[in-house]
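>
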Ligand code: SF4
């Protein structure tokens, strides 16, 4: 199931008039599901594979799938679409099809998922998937397979196969994804992606080359989005990666932390490899909220360098999309004002603002659950990053929603979006004319 729908009606109406706000979510919604394409590559040749994305589903969609007479259907979905995925899985089970479900959400909530699928995959799927298919053929399927509970199912990225991009109708996509790293060592309290599936690991460069070669076979000058949580953690490996990327005719995008600003050699390689934009989680300008966010307090220690880091990275011609989260317990009215001021005074070329969201599997979720502050037990549909799902500390739910809407209105006004674009254009012109780079 693809796509995410915002529930806050006022924000949704607002979003329709704020192009900067909807741009990124449109990109995310149109990415293919790399997890399923990866499982497809780990499917033995005696199986025929069909890849299908549904945003909504009707009787006709279900019948169309049933006409293919599938032996087995594997589902993957974000938390925000998991309830519909469960419903769809149950519909197919009633029609006698065996269903398997996996991904971040079901890894965190395997008992919940078990009620809606014949098999639940917890953690990394590659080795497990091959085992599931063998067990299916031998009529010996188990209810659950877990790489977290069973070390023999843990996957080494040296054994990666090229995802089955050939299953896609490429004309439906404006970007393709590859994964070069999995997980992140920082362990931020609200982050589900960093460690739910596996600990931090890197893919061997020669395997990434194979994936890029495959993509270039089907797409002349692709736009690639890395499905990584934090790509440049290991700087030595990152430089090898960027040297490889520099050999291809492509534009690309990834997520990183601000440590890249401290490495000139890496920034030079990044610029030379046609990186279009890096997305950086600054998270907040509120010191109290940063305090304890990650176990080493690394993010708090970077706060004073935020503005210089943005300028330094962008002076290499690389656009920075700065991400900020609102709704931390120590956030007050002043935090909203300070965030807006920080963004206004920064040279960020793009901005992403979201609401703190307790995804299952995170420390944040455990904390709010034990404090009885989650608004409902099953709020998965509202894990959109733009809906409030818990009782805030210094606001009521309505106050937080309204203050967030106000911030969005100000930050994404046409005037501010154009200002940011203009500033970045100027940064690019400066780079061309004097070739001097920012310092930090
Ligand atoms: S740095 Fe980013 S990816 Fe890493 S744990 Fe924190 S939020 Fe997650």
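In my numbering, the protein residues as written are -19 to 420.
Even glycine gets a Cβ: it sits at the ideal position worked out from N, Cα and C.
Given the structure is predicted, the values throughout are model-derived calculations rather than measurements.
Quick one: is the Cβ of residue 210 within less than 8 Å of any heavy atom of the ligand SF4?
Counting from one through the chain shown, the residue named residue 210 turns up at place 230. Because some heavy atom of the ligand SF4 lies under 8 Å away, the Cβ of residue 210 counts as near it: yes.
> Can you round the beta-carbon distance between residue 88 and residue 172 to whole angstroms, since I take them to be within the 8 Å contact cut?
The residue you call residue 88 lines up with position 108 of the chain shown. The residue you call residue 172 lines up with position 192 of the chain shown. With 8 Å as the limit, residue 88 and residue 172 qualify as a contact, their Cβ atoms being about 7 Å apart.
> Examine the ligand SF4 and report whether any of its heavy atoms sits within less than 8 Å of the Cβ of residue 164.
Counting from one through the chain shown, the residue named residue 164 turns up at place 184. At least one heavy atom of the ligand SF4 is nearer than 8 Å to the Cβ of residue 164, so yes.
> What do you reckon, is the C-beta of residue 235 under 8 Å from a heavy atom of the ligand SF4?
In the chain shown, the residue the question calls residue 235 occupies position 255. Yes, since a heavy atom of the ligand SF4 falls inside the 8 Å radius drawn around the Cβ of residue 235.
> Count the other C-beta atoms from every protein chain shown that fall within 10 angstroms of the C-beta of residue 86, then say buried if there are 16 or more, exposed otherwise.
Sequence index remark: in the chain shown, residue 86 carries index 106 (1-based). Per the 10 Å Cβ criterion, buried.
> Given the structure, does residue 170 come close to the ligand SF4, in the sense that its CB is under 8 Å from one of the ligand's heavy atoms?
In the chain shown, counting from the first residue as 1, residue 170 sits at position 190. Yes - the ligand SF4 has a heavy atom lying nearer than 8 Å to the Cβ of residue 170.
> Restricting to Cα atoms, I'd like to know which of 186, 217, 209, 151 is closest to residue 200.
Your numbering for residue 200 matches position 220 in the chain shown. Checking every option, the nearest Cα to that of residue 200 belongs to 151.
> Starting from residue 303, follow its DSSP beta bridges and name the residues at the other end.
Here residue 303 refers to the residue found at position 323 when the chain shown is read from its first residue. Its beta-bridge partners are 261, 332.
> Please report how far the alpha carbon of residue 96 lies from the alpha carbon of residue 190, in whole angstroms.
For the purposes of this step, residue 96 is taken as the residue at position 116 of the chain shown. For the purposes of this step, residue 190 is taken as the residue at position 210 of the chain shown. For residue 96 and residue 190, the distance between alpha carbons rounds to 37 Å.
> How far does the beta strand (DSSP E) with residue 234 in it reach, from first residue to last?
One-based indexing of the chain shown puts residue 234 at position 254. Where residue 234 is concerned, the enclosing beta strand (DSSP E) stretches over 231 to 236.
> For residue -14, which of 407, 381, 400 has the nearest alpha-carbon?
In the chain shown, the residue the question calls residue -14 occupies position 6. If we check each option's Cα against that of residue -14, 381 comes out closest.
> Heavy atom of the ligand SF4 less than 8 Å from the Cβ of residue 174, yes or no?
The count along the chain shown starts at 1 and reaches residue 174 at position 194. Yes; taking the cut-off as 8 Å, the Cβ of residue 174 has a heavy atom of the ligand SF4 nearer than that.
> At a threshold of 8 Å, does residue 382 count as lining the ligand SF4 (C-beta to nearest heavy atom)?
As a working note, residue 382 is residue 402 in the chain shown. Not so, every heavy atom of the ligand SF4 lies at least 8 Å from the Cβ.
> So, residue 304 versus residue 323, is the Cβ gap smaller than 9 Å?
Here residue 304 is taken as the residue at index 324 of the chain shown, counted from 1. Here residue 323 is taken as the residue at index 343 of the chain shown, counted from 1. Yes, these two residues count as a Cβ contact at 9 Å.
> With 16 as the cutoff for other CB atoms within 10 Å, does residue 299 come out buried or exposed?
Numbered from its first residue, the chain shown carries residue 299 at position 319. With 16 or more Cβ atoms within 10 Å of its Cβ, residue 299 is classed as buried.
> Please determine if the region 269 to 277 and the region 156 to 171 are in contact, where contact requires at least 3 C-beta pairs separated by less than 8 Å.
With the cut-off at 8 Å, the region 269 to 277 and the region 156 to 171 touch.
> Residue 228 to residue 253, Cα distance in whole Å?
Looking up residue 228 in the chain shown gives position 248. Looking up residue 253 in the chain shown gives position 273. Distance between the alpha carbons of residue 228 and residue 253: 8 Å.
> Which same chain residues end up closer than 7 Å to residue 243 when comparing Cβ atoms and leaving out the 5 residues on each side of it in sequence?
On the chain shown, residue 243 is found 263 positions in, with the first residue counted as 1. For residue 243, where only same-chain residues beyond five positions count, the Cβ hits under 7 Å are 215.
> Is there contact between the region 329 to 336 and the region 346 to 358, where contact requires at least three CB pairs shorter than 8 Å?
No contact exists between the region 329 to 336 and the region 346 to 358.
> Pull up the DSSP beta-bridge partners for residue 54, would you.
Here residue 54 refers to the residue found at position 74 when the chain shown is read from its first residue. For residue 54, which the question treats as bridged, DSSP gives the partners 80.
> Locate the alpha helix (DSSP H) running through residue 159, then write down its first and last residues.
Within the chain shown, the letter at position 179 stands for residue 159. Where residue 159 is concerned, there is no enclosing alpha helix (DSSP H), given that its DSSP letter is neither H nor E.
> Tell me where the alpha helix (DSSP H) around residue 345 begins and ends.
Reading the chain shown from its first residue, position 365 is the one you call residue 345. Element bounds for residue 345: 343 to 350.
> Measuring from the CB of residue 261, is there a heavy atom of the ligand SF4 at a distance below 8 Å?
Numbered from 1 along the chain shown, position 281 holds the residue referred to as residue 261. Yes; taking the cut-off as 8 Å, the Cβ of residue 261 has a heavy atom of the ligand SF4 nearer than that.
> Does the count of Cβ pairs from the region 111 to 125 and the region 209 to 223 closer than 8 Å reach three?
The region 111 to 125, when compared against the region 209 to 223, does not touch it at the 8 Å Cβ threshold.
> Which same chain residues end up closer than 7 Å to residue 60 when comparing Cβ atoms and leaving out the 5 residues on each side of it in sequence?
Locating residue 60 in the chain shown gives position 80, counting from the first residue. Answer for residue 60: -16, 360, 361, 363, 364, listed in chain order.
> Across which residues does DSSP place residue 181 in a beta bridge pair?
Locating residue 181 in the chain shown gives position 201, where the first residue counts as 1. Paired residue(s): 162.
> Is it the case that the CB of residue 167 approaches a heavy atom of the ligand SF4 more closely than 8 Å?
The residue labelled residue 167 in the question sits at position 187 within the chain shown. Residue 167: yes, Cβ under 8 Å from the ligand SF4.
> Taking the beta carbon of residue 378 as the centre, do at least 16 other beta carbons fall within 10 Å, making it buried, or is it exposed?
Position 398 of the chain shown holds residue 378. Exposed: under 16 other Cβ atoms inside 10 Å.
> So does the region 406 to 418 actually touch the region 369 to 376, counting three or more Cβ pairs closer than 8 Å?
Contact fails: fewer than three Cβ-Cβ distances are below 8 Å.
> Would you say residue 279 touches the ligand SF4, meaning its beta carbon is less than 8 Å from a heavy atom?
One-based indexing of the chain shown puts residue 279 at position 299. For the ligand SF4, at least one heavy atom lies less than 8 Å from the Cβ of residue 279.
> Answer yes or no: do residue 30 and residue 48 have a C-beta to C-beta separation smaller than 9 Å?
Here residue 30 refers to the residue found at position 50 of the chain shown. Here residue 48 refers to the residue found at position 68 of the chain shown. Yes, they are a contact pair.
> From residue 280 to residue 54, what does the alpha carbon distance come to, in whole angstroms?
If you number the chain shown from 1, residue 280 lands on position 300. If you number the chain shown from 1, residue 54 lands on position 74. Taking the straight line from one Cα to the other gives about 41 Å.
> Less than 9 Å separating the beta-carbons of residue 104 and residue 131?
As a working note, residue 104 is residue 124 in the chain shown. As a working note, residue 131 is residue 151 in the chain shown. No, Cβ-Cβ distance for residue 104 and residue 131 is not below 9 Å.
> What residues in its chain sit with their C-beta under 7 Å from that of residue 291, if we drop five residues either side in the sequence?
In the chain shown, counting from the first residue as 1, residue 291 sits at position 311. Cβ within range, chain order: 327, 418.
> From residue 141 to residue 387, what does the alpha carbon distance come to, in whole angstroms?
As a working mapping, residue 141 is identified with position 161 in the chain shown. As a working mapping, residue 387 is identified with position 407 in the chain shown. In a straight line, the C-alpha of residue 141 is about 44 Å away from that of residue 387.
> Spatial neighbours of residue 383 within its chain, please: C-beta separation below 6 Å, excluding the five flanking residues on both sides.
Taking the chain shown and counting its residues from 1, the one referred to as residue 383 is at position 403. Result list for residue 383: 316, in chain order.
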